[in-house]
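One structure is given below, encoded as structure tokens.
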Amino acid sequence: MAYRDVYKSWQDDPEGFWMKAADAIDWDTPPSKALFDDKAPLYEWYRDARVNTCFNALDRHVVAGRGDQVAIIYDSPMTNTISEITYADLLTRVASLAGALKAKGITKGDRVIIYMPMVPEALEAMLACARLGAIHSVVFGGFAANELAVRIDDATPKAIVAASCGLEPGRVIHYKPLLDGAIYLATHKPEFCVVYQREQEVAELTEGRDVDWNDFQNGVEPADCVPVEGTHPAYILYTSGTTGAPKGVVRPTAGHLVALHWTMKSIYNVDPGDVFWAASDVGWVVGHSYICYGPLIHGNTTVVFEGKPVGTPDAGTFWRVIEQHKVKSFFTAPTAFRAVKREDPKGELIKEYDLSHLDQIYLAGERADPDTIEWMQDKLGKPVYDHWWQTETGYTIAGNPVGIEPMPVKLGSPTVAMPGYNVHILDDGGHQLPTGELGAIAVKLPLPPGTLPTLWNAEDRFVKSYLHTFPGYYETGDAGMIDEDGYLYIMARTDDVINVAGHRLSTGGMEEVLAAHPDVAECAVIGVTDQLKGQLPVGFVCLNKGTETSHEDVVRGCVKLVRDKIGPVAAFKLCTVVDRLPKTRSGKILRATMVKISDGADFKMPATIDDPAILDEIREALKSLGYAGG
Numbered sequence: 209m210a211y212r213d214v215y216k217s218w219q220d221d222p223e224g225f226w227m228k229a230a231d232a233i234d235w236d237t238p239p240s241k242a243l244f245d246d247k248a249p250l251y252e253w254y255r256d257a258r259v260n261t262c263f264n265a266l267d268r269h270v271v272a273g274r275g276d277q278v279a280i281i282y283d284s285p286m287t288n289t290i291s292e293i294t295y296a297d298l299l300t301r302v303a304s305l306a307g308a309l310k311a312k313g314i315t316k317g318d319r320v321i322i323y324m325p326m327v328p329e330a331l332e333a334m335l336a337c338a339r340l341g342a343i344h345s346v347v348f349g350g351f352a353a354n355e356l357a358v359r360i361d362d363a364t365p366k367a368i369v370a371a372s373c374g375l376e377p378g379r380v381i382h383y384k385p386l387l388d389g390a391i392y393l394a395t396h397k398p399e400f401c402v403v404y405q406r407e408q409e410v411a412e413l414t415e416g417r418d419v420d421w422n423d424f425q426n427g428v429e430p431a432d433c434v435p436v437e438g439t440h441p442a443y444i445l446y447t448s449g450t451t452g453a454p455k456g457v458v459r460p461t462a463g464h465l466v467a468l469h470w471t472m473k474s475i476y477n478v479d480p481g482d483v484f485w486a487a488s489d490v491g492w493v494v495g496h497s498y499i500c501y502g503p504l505i506h507g508n509t510t511v512v513f514e515g516k517p518v519g520t521p522d523a524g525t526f527w528r529v530i531e532q533h534k535v536k537s538f539f540t541a542p543t544a545f546r547a548v549k550r551e552d553p554k555g556e557l558i559k560e561y562d563l564s565h566l567d568q569i570y571l572a573g574e575r576a577d578p579d580t581i582e583w584m585q586d587k588l589g590k591p592v593y594d595h596w597w598q599t600e601t602g603y604t605i606a607g608n609p610v611g612i613e614p615m616p617v618k619l620g621s622p623t624v625a626m627p628g629y630n631v632h633i634l635d636d637g638g639h640q641l642p643t644g645e646l647g648a649i650a651v652k653l654p655l656p657p658g659t660l661p662t663l664w665n666a667e668d669r670f671v672k673s674y675l676h677t678f679p680g681y682y683e684t685g686d687a688g689m690i691d692e693d694g695y696l697y698i699m700a701r702t703d704d705v706i707n708v709a710g711h712r713l714s715t716g717g718m719e720e721v722l723a724a725h726p727d728v729a730e731c732a733v734i735g736v737t738d739q740l741k742g743q744l745p746v747g748f749v750c751l752n753k754g755t756e757t758s759h760e761d762v763v764r765g766c767v768k769l770v771r772d773k774i775g776p777v778a779a780f781k782l783c784t785v786v787d788r789l790p791k792t793r794s795g796k797i798l799r800a801t802m803v804k805i806s807d808g809a810d811f812k813m814p815a816t817i818d819d820p821a822i823l824d825e826i827r828e829a830l831k832s833l834g835y836a837g838g
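Just so you know, we're using this note's numbering here: the sequence shown kicks off at 209 and counts up by one.
Here it is as structure tokens:
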């Protein structure tokens with residue numbers, strides 16, 4: 209079947225489509241139906257089923273005789289370590305940890321916070337919780353103590369599983385003092401903490417509360433899988449909220465299993481046994497869906513990579529990992545490739561590696577500018593597919609269904625909506641906009657299986673945040689348009705559509721133009737307040753390594769490019785060269801924070817910021833343009 213046939217089969221019979229997809233999962237009690245709509249606009253999937261995530265990720269592959277297949281390849285340039293764990297070994301390790309947690313009183317429904325770096329033990333902790341029906345909440349290793357405390361108070365965990373430290377190029381991140389500080393600040397106190405001691409730093413344990421990872425598991429009985437209801441939360445994952453209070457996205461167990469299994473072949477085009485690598489972190493949704501759960505549920509080998517795209521040791525790290533481990537399908541953020549392109553603009557390092565096993569590359573997390581995709585296609589000779597999804601959805605809203613039918617790539621578009629997603633472009637009043645017009649992207653309810661049914665302990669906030677603006681729709685918070693072929697274009701967050709003298713303009717469209725400048729490695733455009741025109745765009749550009757063009761000439765070239773491509777209507781005259789852009793640790797550019805700096809507004813330091821010092825550089829750059837303070 210071609211993509212449009214598959215999509216139409218879902219449209220014609222969504223119930224039948226998702227029941228058929230559910231056949232790929234091993235159920236303790238199969239669902240009698242897929243969708244339960246008696247609580248609309250809150251929908252539930254596979255509510256009457258009973259199932260266990262860990263069984264589907266591990267046990268069933270071992271039972272099927274595939275225990276000797278490698279489940280996890282751990283590759284850490286930070287520690288010069290490469291190791292492999294088979295499905296049988298991983299099952300033994302997870303059952304042991306689950307048994308130890310069970311012996312300490314962790315049962316179905318209890319929450320466990322996981323605060324770890326990119327090591328296999330992080331996945332083991334996630335799967336051990338799933339084995340018991342406990343609800344894990346992974347917090348990015350190294351998060352500030354006050355931010356971890358907020359999550360402790362919201363999730364009220366019975367236990368915390370942490371590592372002694374994390375590693376960054378040239379430094380050790382001390383996790384234990386951050387953990388201790390968070391527990392001190394939190395109103396809720398965990399009953400115990402399990403600490404995985406890394407040889408790079410052995411932390412001092414707090415007597416009466418902390419227990420060593422290995423000692424904890426000595427002499428315990430391995431735990432069996434606990435079946436849970438289809439709607440039982442598999443995990444809580446906190447995403448930043450506009451109010452500053454994090455939103456606890458809930459992931460329902462059964463829909464999560466069905467949806468992720470479907471995506472591994474349909475979107476990422478891998479078969480069981482193939483090596484799949486998502487270069488992300490378990491602290492982000494990509495790490496949940498496509499480092500841990502998706503590949504293992506589908507029977508793939510997943511790569512757990514502890515390193516950076518550059519500096520560990522150079523911009524050839526990605527290619528070394530792909531060659532060495534025979535990666536078939538690779539997924540990372542556009543910002544990672546922009547970093548590689550900046551360090552190795554001619555792609556010289558790519559030529560040193562054999563990438564013949566690599567079939568395709570996927571990008572998500574930030575809008576993929578056409579220039580970066582064209583560079584990758586030219587240097588790698590591989591198909592590069594942008595796709596768009598959110599923490600809230602857990603997997604692709606719009607993408608290229610390569611495993612069903614590779615669709616023609618249109619630069620700047622993540623391609624088409626996946627089955628389950630009925631995507632519309634709406635104006636402020638909720639009316640459908642014509643083809644090619646920029647508006648708010650909304651998805652008609654119900655959302656498909658595995659997407660968030662609510663927020664943790666915050667149903668009212670869930671409705672207000674996502675369902676209130678456009679009744680009958682899920683509000684994505686992104687702005688874009690759909691073309692005559694049904695291709696979706698994500699132009700900006702809704703907040704990043706700026707109004708220049710009455711013209712609604714996408715900052716993403718301007719970034720696309722700036723990124724095409726031969727000396728620009730990456731860029732950001734924000735709208736600053738202007739008394740005459742309402743808002744004016746300001747461009748920030750980072751240059752390729754080795755660029756010999758003067759900053760003044762680059763700025764002049766950028767202004768001319770935007771004027772030529774978008775027109776005088778953009779009023780694009782303000783542009784500056786900076787060394788770095790402020791980003792989250794997952795690579796998202798903090799445009800909203802930059803806007804607040806430009807307008808002199810108060811702002812809360814983003815919890816996920818990679819390096820707060822960059823904000824001072826942005827403030828100075830804005831001052832040089834006459835902004836930063838209104």
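Each residue gets a CB set at the ideal place from its N, CA and C atoms; glycine is no exception.
{"Query": "Whole-angstrom distance between I774 and L465, CA atom to CA atom", "Result": "44 Å"}
{"Query": "Cut-off 6 Å between Cβ atoms - residues of its own chain near D594, not counting five sequence neighbours on either side", "Result": "L571, A576 and P622"}
{"Query": "Contained beta strand (DSSP E) runs [length at least 3] in the region 452 to 511, N- to C-terminal order", "Result": "455 to 460 and 483 to 486"}
{"Query": "Limits of the unbroken alpha helix (DSSP H) element including C433", "Result": "From DSSP, C433 is part of no alpha helix (DSSP H); its letter is neither H nor E."}
{"Query": "Exposed unless 16 or more other CB atoms sit within 10 angstroms - verdict on Y392", "Result": "exposed"}
{"Query": "At least three beta-carbon pairs within less than 8 Å, the region 687 to 699 to the region 643 to 650", "Result": "yes"}
{"Query": "Environment of S821 [buried if 16+ CB atoms lie within 10 Å]", "Result": "The sequence given here has Ala at residue 821, not Ser. Burial call: exposed."}
{"Query": "The region 661 to 670 / the region 626 to 633 touching (three or more Cβ pairs under 8 Å)", "Result": "no"}
{"Query": "Pairwise C-alpha distance: G795 and G638", "Result": "31 Å"}
{"Query": "Residues of its chain near W218, where Cβ-Cβ distance is below 7 Å and the 5 sequence neighbours each way are ignored", "Result": "F225, P627 and G628"}
{"Query": "For P726, the nearest candidate out of G765, G717, D479 and M699 (CA to CA)", "Result": "G765"}
{"Query": "Residue ranges of each alpha helix (DSSP H) within the region 629 to 685, 4 or longer", "Result": "667 to 670"}
{"Query": "Alpha-carbon to alpha-carbon, A487 and F348", "Result": "15 Å"}
{"Query": "C-alpha distance - I558 paired with I233, whole-angstrom precision", "Result": "39 Å"}
{"Query": "Run of the alpha helix (DSSP H) containing N354, from where it starts to where it stops", "Result": "A353 to A363"}
{"Query": "Assumed close pair T510, I280 - CB separation to whole angstroms, cut-off 8 Å", "Result": "6 Å"}
{"Query": "Touch test, the region 743 to 756 against the region 695 to 705, Cβ-Cβ under 8 Å, three pairs minimum", "Result": "no"}
{"Query": "Nearest-angstrom Cβ-Cβ length linking K316 and G341, presumed shorter than 8 Å", "Result": "3 Å"}
{"Query": "C-alpha distance - A675 paired with G456, whole-angstrom precision", "Result": "Reading off the sequence, residue 675 comes out as Leu, not Ala. Approximately 16 Å, taken between the alpha carbons."}
{"Query": "Anticipated Cβ contact below 8 Å, E730 with R546, distance rounded", "Result": "4 Å"}
{"Query": "Helix, strand or coil at L243 [DSSP, three-state]", "Result": "strand"}
{"Query": "T450 - DSSP class collapsed to helix/strand/coil", "Result": "The pLDDT assigned to T450 is 48, lower than 50, so where the model puts this residue is not dependable; a value taken from the coordinates is nonetheless given after this. Reduced to three states, the DSSP call for T450 is coil."}
{"Query": "Three or more C-beta pairs below 8 Å linking the region 422 to 439 and the region 326 to 340", "Result": "yes"}
{"Query": "Close-in-space but distant-in-sequence residues of the same chain around E292 (CB under 6 Å, 5 per side omitted)", "Result": "V278 and I281"}
{"Query": "Terminal residues of the beta strand (DSSP E) in which F400 lies", "Result": "F400 to Y404"}
{"Query": "Cβ contact (3+ pairs, closer than 8 Å) linking the region 479 to 494 and the region 248 to 260", "Result": "no"}
{"Query": "Nearest-angstrom Cα separation, counted from F678 out to K672", "Result": "10 Å"}
{"Query": "Span of the alpha helix (DSSP H) around R339", "Result": "P328 to L340"}
{"Query": "Element boundaries [alpha helix (DSSP H), containing Q743]", "Result": "First-last for Q743: G742 to L751, but that is the beta strand (DSSP E), not the alpha helix (DSSP H)."}
{"Query": "Buried/exposed call for G658, threshold 16 Cβ in 10 Å", "Result": "buried"}
{"Query": "Cα-Cα separation between V770 and G620, rounded to whole angstroms", "Result": "16 Å"}
{"Query": "For K587 and D420, the rounded distance between their alpha carbons", "Result": "47 Å"}
{"Query": "With 16 other Cβ atoms within 10 Å as the buried cut-off, status of V529", "Result": "buried"}
{"Query": "Segment limits, alpha helix (DSSP H) that includes V785", "Result": "Unbroken run through V785 is the beta strand (DSSP E), L782 to V785; no alpha helix (DSSP H)."}
{"Query": "Stretch-stretch touch, CB-based, cutoff 8 Å, three pairs: the region 315 to 332 with the region 390 to 409", "Result": "yes"}
{"Query": "Cβ separation of L839 and L335, assumed to be a contact under 8 Å, to the nearest whole Å", "Result": "Residue 839 cannot be examined here, being either before or after the span of the chain that is shown, 209 to 838."}
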